[in-house]
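A.B. asks:
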Amino acid sequence: MAEMENKENSKLRTIISKSKAQLFKSVAIFRWLPTYTKNDILADLIAGLTVGLTMIPQSIAYAGLAEQPAEYGLYTAFVGSYVYIIFGTIKEVSIGPTSLMSLLTVSYTIGKPVEYVVLLTFLAGCVELLMGLLNLGFIVDFISPCLTSGFTSATTIIIIIAQLKNLFGISIQSHNVLQILREFVQKIDQIKVSDTLMGFGCIGFLVVFKYITTVIQPKNPSLKKFLWLLYISKNAITVTLATIVSVYCNQSGVSPFKITGTVPKGIPEVRFPSLTIQRDNQTIEYTDMLADLGGGIAVVPFVAVLANIAIAKAYSINTVVDASQEMMALGLCNILGSFVRAMPSTGAFTRSAVASSSDVRTPLQGLYSGTVIVFALSFLAPYFYYIPKAVLAAVLITAVSSLLDYKILPVLWKCNNNGNSSKVSLFKA
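Using our numbering, the letters of the sequence shown map in sequence onto residues 900 to 1328.
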């Protein structure tokens, strides 16, 4: 009898031990929180605040790229920041809206109610979570750098072309790249000088800003730190200055710029994604929504995972990336994000670069960056009304231009000659 009890107790201890190990693996915060120090708090605070300042203008711009109201980009930003703290493994990763996700989102939801975007976020999260639970992290090892480079460069070009309407103040209805260019040429006589000057002025300002703060390396530590602070805040500074100009013009009775418009104040209501929609006296059922989203249910999560793992690998040179855990973390970010009407999200190289240069220590930086977004939604939302769309286009174009591999064509040509024509096809697509 005693022997049977010992065996049962031994089995119970084994089960408890395995459960603890699985919990420790899945809830990544348990890996680093026990060794968290006071010095880490200060470093993460600085990194989180700087990432948050970067996220505000980018989130608004990415929402516009997805053809969604500005607030949806901000909703996406704060949820991803908070959730990744608990489940994420890479301290530099900042989950939120990105140019790539916005571009994919608009391609599957254009002309449809916002409920489609939220449902796509939820379904993408479910797919990502399932991939993580099934330990499918190994599949990212089969994605070649040439393939990734071609895809990223093609996306960059598409994003720049998509921003022509905001950069020049033209109303363009098309969303296909060739159609956008055709419509742009047809409406070239409708170019608004004010928007054009604002857009190119901001691009020039950002380029000069980047040159001054990265090329010039003063020996004085205080001046060097000041230039670094200017560099990481360049987007926020540019948007703020452009908004001040816009407000001044509007108060003077002149409205020379296309502006962002009303951004609702405060945090959105938490609710489950809509599975049916009432539109034009018709009910759109869940199955119809799934059919309309089509391949996006698979493409969006796969690309999101690919982008996030690429960032994780870039900042984990001496360590092994737990790709399956990152899939789970990304999935939970999107699933929970859908409850506050977020768009599909993933990590972004621009935000990760800011976090890395800010000496980030742990994923807890997301607590502070997310709080910056919540603060902006709670207190600054009324001021977002006057943000010129031209400055958001400038922020997007300068942000993605660094991702364009200008040497990709010779590389792709070489890949094609070696029989890897799929990479070339992907760039063309």
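Quick reminder that beta carbons are idealized off the backbone N, C-alpha and C, glycines included.
It should be emphasised that the depicted structure is a prediction, and the values quoted were computed from it without experimental measurement.
(1) Classify proline 1281 as buried or exposed, calling it buried when 16 or more other Cβ atoms lie within 10 Å of its own Cβ.
(2) Measure the alpha-carbon distance for lysine 1212 versus asparagine 1034 and round it to whole angstroms.
(3) Bridge partners of isoleucine 1272, per DSSP?
(4) If you draw a straight line from the C-alpha of cysteine 1025 to the C-alpha of tyrosine 961, how long is it?
(5) Would you mind working out which of Ser1257, Tyr1007, Ile1042 and Ser1070 sits nearest phenylalanine 1125, comparing C-alpha positions?
(6) Leaving out five residues before and five after serine 1324 in sequence, what residues of the same chain have Cβ atoms less than 7 angstroms from its Cβ?
(7) I need the DSSP call for serine 1320, collapsed to helix, strand or coil.
(8) Rounding to the nearest angstrom, what Cα-Cα distance links isoleucine 1272 and valine 1084 in this structure?
(9) Any contact between the stretch 1158-1177 and the stretch 991-998? By contact I mean 3 or more CB pairs, one from each, below 8 angstroms.
(10) Which same chain residues end up closer than 7 angstroms to threonine 975 when comparing Cβ atoms and leaving out the 5 residues on each side of it in sequence?
(11) May I have the straight-line CA-CA distance separating valine 1239 from proline 1262, to the nearest angstrom?
(12) In terms of residues, what are the limits of the alpha helix (DSSP H) holding arginine 1250?
(13) In angstroms with no decimal places, state the Cα-to-Cα distance between alanine 1275 and isoleucine 955.
(14) Measuring CA to CA, which of Asp939, Gln1078 and Phe1201 is closest to leucine 1022?
(15) If you measure between the beta carbons of valine 1146 and valine 1290, is that distance less than 8 angstroms?
(16) In angstroms with no decimal places, state the Cα-to-Cα distance between tyrosine 1284 and lysine 990.
(17) So which of Val1153, Lys1123 and Val1106 has the shortest CA-CA distance to asparagine 1134?
(18) Provide the residue(s) that pair with glycine 995 in DSSP beta bridges, ordered along the chain.
(19) How should asparagine 1065 be labelled, buried or exposed, when 16 other C-beta atoms within 10 angstroms of its C-beta is the threshold for buried?
(20) Since threonine 1112 is in the alpha helix (DSSP H), which residue starts that stretch and which ends it?
(21) Assign isoleucine 1208 to buried or exposed, taking buried as 16 or more other Cβ atoms, counted over all protein chains shown, within 10 Å of its Cβ.
(22) Measuring CA to CA, which of Gln967, Gln1224, Val1153 and Leu1077 is closest to glycine 1031?
(23) Among Pro1120, Val1220 and Gly1160, whose alpha-carbon lies nearest the alpha-carbon of alanine 969?
(24) Please name the residue, chosen from Gly1103, Ile1131, Asn1119 and Thr1112, that lies closest to alanine 1141 on a Cα-to-Cα basis.
(25) Run the CB neighbour count on isoleucine 1079, radius 10 Å, all protein chains shown included, and call it buried at 16 or more, exposed below.
(26) Using the beta-carbon count (16 or more within 10 Å), is isoleucine 1111 buried or exposed?
(27) Measure the beta-carbon distance from alanine 1061 to alanine 1254 and round it to whole angstroms, keeping in mind my assumption that it falls under 8 angstroms.
(28) Would aspartate 943 be called buried (16 or more neighbouring beta carbons within 10 Å of its own) or exposed?
(29) Let me know the secondary structure DSSP gives proline 1200 once reduced to three states.
(30) For asparagine 1180, count neighbouring Cβ atoms within 10 angstroms of its own Cβ and tell me buried if that reaches 16, exposed if not.
(31) Are the Cβ atoms of glycine 1265 and serine 993 separated by less than 8 angstroms?
(32) Less than 7 angstroms between C-beta atoms, sequence neighbours within five positions excluded: which residues of the same chain meet that for isoleucine 1009?
(33) From which residue to which residue does the beta strand (DSSP E) around isoleucine 1176 run?
(34) Assign glutamate 1168 to buried or exposed, taking buried as 16 or more other Cβ atoms, counted over all protein chains shown, within 10 Å of its Cβ.
(35) Work out the CA separation of alanine 1252 and arginine 1260 for me, nearest whole Å.
(36) Given aspartate 1187, which residues of its chain have a CB within under 8 angstroms of its CB, disregarding the five upstream and five downstream residues?
C.D. replies: This is what the structure gives:
(1) Flag for proline 1281 reads exposed.
(2) A straight line joining the alpha-carbon of lysine 1212 with that of asparagine 1034 spans about 17 angstroms.
(3) BP columns for isoleucine 1272 are empty, so no partner.
(4) Rounded to whole angstroms, cysteine 1025 and tyrosine 961 show a C-alpha spacing of 23 angstroms.
(5) Residue Ser1257 is the option with its Cα nearest to phenylalanine 1125.
(6) Residue placement at serine 1324 is flagged as unreliable, the pLDDT there being 46, under the threshold of 50; the coordinate-derived value follows with that caveat. Here the set comprises nothing.
(7) Note that serine 1320 scores 46 on pLDDT, short of 50, meaning its location in the model is unreliable; the coordinates nonetheless yield the value given after this. If DSSP states are grouped into helix, strand and coil, serine 1320 belongs with the helices.
(8) Computed Cα separation, rounded: 38 angstroms.
(9) Segments in contact, no.
(10) Within the same chain, threonine 975 has close Cβ partners Ser958, Gly995, Pro996, Gly1236, Ala1241, Met1242 and Ser1244.
(11) Cα-Cα distance, rounded: 22 angstroms.
(12) Note, arginine 1250: alpha helix (DSSP H), 1248-1256.
(13) For alanine 1275 and isoleucine 955, the distance between alpha carbons rounds to 8 angstroms.
(14) Phe1201 is the residue among Asp939, Gln1078 and Phe1201 whose C-alpha sits nearest the C-alpha of leucine 1022.
(15) Not a contact, by the Cβ cut-off of 8 angstroms.
(16) Whole-angstrom Cα-Cα distance: 33 angstroms.
(17) Closest by alpha carbon: Val1106.
(18) Bridge pairing for glycine 995: Thr1245 [DSSP].
(19) That one is buried.
(20) Counting along the chain, the alpha helix (DSSP H) containing threonine 1112 begins and ends at 1092-1114.
(21) Looking at its Cβ environment, which holds 16 or more other Cβ atoms inside 10 Å, isoleucine 1208 is buried.
(22) Minimum Cα distance to glycine 1031 is reached at Gln1224.
(23) Nearest of Pro1120, Val1220 and Gly1160 to alanine 969, Cα basis: Gly1160.
(24) The shortest CA-to-CA distance from alanine 1141 to any of Gly1103, Ile1131, Asn1119 and Thr1112 is the one to Gly1103.
(25) Burial call: buried.
(26) Exposed: under 16 other Cβ atoms inside 10 Å.
(27) Not quite, the Cβ-Cβ distance comes to about 27 angstroms (not below 8 angstroms), so this is no contact.
(28) Counting the other Cβ atoms within 10 Å of the Cβ of aspartate 943 gives 16 or more, which makes it buried.
(29) Proline 1200 carries a helical assignment under DSSP once its states are collapsed to helix, strand and coil.
(30) Answer is exposed; the Cβ neighbour count stays below 16.
(31) Cβ atoms of glycine 1265 and serine 993: closer than 8 angstroms.
(32) If we look at isoleucine 1009 and ignore the five residues flanking it on each side, its Cβ neighbours are Glu966 and His1074.
(33) From DSSP, the beta strand (DSSP E) with isoleucine 1176 extends over 1176-1178.
(34) Residue environment for glutamate 1168: exposed (fewer than 16 other C-beta atoms within 10 angstroms of its C-beta).
(35) Cα to Cα, the separation comes out at about 13 angstroms.
(36) Here the set comprises nothing.
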